[in-house]
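**Student:**
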Amino acid sequence: MGEVMDWLNAEHRLIGRVLASLGTFLSGLDPAAPDTRLVLGEYVEFFLRYVEGGHERVEEEVIFSGLAEYGGAAGPMALLAEEHRQRAGRLAALAEVARGEGPLDEAELERLAEEAGMYSSHLRAHILKEDRALLPLAETLLPEERAGRIAADLAAFTGNSAQADFVALAESLVERYPPLT
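Taking this note's numbering, the leading residue of the sequence shown gets 31, the next gets one more, and so forth.
(1) Count Cβ pairs between the region 138 to 148 and the region 108 to 115 that sit closer than 8 Å; are there 3 or more?
(2) Count the other CB atoms, across all protein chains shown, that sit within 10 Å of the CB of P208; report buried if there are 16 or more and exposed otherwise.
(3) Hey, L153 and R179 are a contact pair by Cβ (cut 8 Å); roughly how many whole angstroms apart?
(4) Take the Cβ of P106 as the centre, count every other Cβ of all protein chains shown within 10 Å, and call the residue buried at 16 or more, exposed below.
(5) Tell me the DSSP secondary structure of L171 in three-state form.
(6) If you reduce the DSSP assignment to three classes, tell me which class E33 lands in.
(7) Across the region 65 to 85 and the region 161 to 168, are there enough close Cβ pairs to call them in contact, namely three or more that are closer than 8 Å?
(8) Is DSSP giving G58 helix, strand or coil here?
(9) For V34, I'd like the list of residues in its chain whose CB is within less than 8 Å of its CB, leaving aside the five on either flank, ordered along the chain.
(10) How far does the alpha helix (DSSP H) with A137 in it reach, from first residue to last?
(11) Thinking C-alpha only, which one of E175, T54, V81 is nearest I157?
(12) Report the residue ranges of all alpha helix (DSSP H) runs contained in full by the region 80 to 115; include only those spanning at least 4 residues, in chain order.
(13) Does the beta-carbon distance from L49 to S150 come in below 8 Å?
Next comes the structure, spelled out in structure tokens:
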């Protein structure tokens with residue numbers, strides 16, 4: 031299970047850095063800057079395609095499904111998977127603002143602050159549940175053979191993914207808008 035935890039920790043650190051970078055971007059936001067919507071669109075693309083489309087897919091199809099078979103974990107796994115879906119509306123709202131034209135108006139600024147804040151808070155809380163409760167418990171519950179199978183499935187699944195471009199996008203966002211904390 032060590033390989034799985036290492037992968038999740040690295041993924042969660044990257045996602046946390048991009049969330050913090052989004053906070054930096056929003057705190058210095060110039061609604062009239064010509065690239066405001068473009069940059070917001072880059073954040074949306076990262077969260078939509080890397081987090082929601084890649085990271086969470088791996089969690090659900092490989093890790094959660096493997097853990098659900100042991101120790102009565104099916105309920106918590108279903109809850110975590112449902113949390114993945116609950117954030118979709120927030121991203122759709124952010125994408126709508128990013129697709130607009132011209133300077134952001136007052137209503138868009140309010141919507142952006144609300145949706146980005148809720149998305150970020152929800153995702154951070156979700157990651158904490160995985161990091162501090164669920165996965166450490168899984169390490170103690172899973173038989174070594176099953177943990178090895180999950181690790182092998184994870185390696186096969188992530189080895190076939192084309193996520194490198196999104197990691198580069200994440201690093202670019204973090205470099206341009208360094209986290210304040």
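Glycine included, each C-beta is placed from N, C-alpha and C at the ideal position.
Since the structure is predicted, the reported quantities are computational estimates derived from the model, not experimental observations.
**Tutor:** Once the coordinates are examined:
(1) In the pairwise beta carbon analysis, the region 138 to 148 is classified as not touching the region 108 to 115: fewer than three pairs are separated by under 8 Å.
(2) By one-based count along the sequence shown, residue 208 stands at place 178. By the neighbour-count rule (16 or more Cβ atoms within 10 Å), P208 is not buried but exposed.
(3) For this step, residue 153 is matched to residue 123 along the sequence shown. For this step, residue 179 is matched to residue 149 along the sequence shown. With 8 Å as the limit, L153 and R179 do not qualify as a contact, their Cβ atoms being about 28 Å apart.
(4) Position 76 of the sequence shown, counted from the first residue, corresponds to residue 106. Looking at its Cβ environment, which holds 16 or more other Cβ atoms inside 10 Å, P106 is buried.
(5) Position 141 of the sequence shown holds residue 171. The DSSP-derived three-state label of L171 is helix.
(6) Position 3 of the sequence shown, counted from the first residue, corresponds to residue 33. E33 falls in the helix class under three-state DSSP.
(7) Segments in contact, no.
(8) Position 28 of the sequence shown holds residue 58. Looking at G58 - three-state DSSP - the assignment turns out to be coil, as it is neither helix nor strand.
(9) Position 4 of the sequence shown holds residue 34. Around V34: I93, L165, A177, I180, A181, L184.
(10) The residue you call residue 137 lines up with position 107 of the sequence shown. Note, A137: alpha helix (DSSP H), 136 to 159.
(11) In the sequence shown, the residue the question calls residue 157 occupies position 127. Ranking E175, T54, V81 by Cα distance to I157 puts V81 first.
(12) Annotation note: the region 80 to 115 contains the following uninterrupted alpha helix (DSSP H) runs of length 4 or greater, listed N- to C-terminal: 95 to 98.
(13) For this step, residue 49 is matched to residue 19 along the sequence shown. For this step, residue 150 is matched to residue 120 along the sequence shown. Yes, they are a contact pair.
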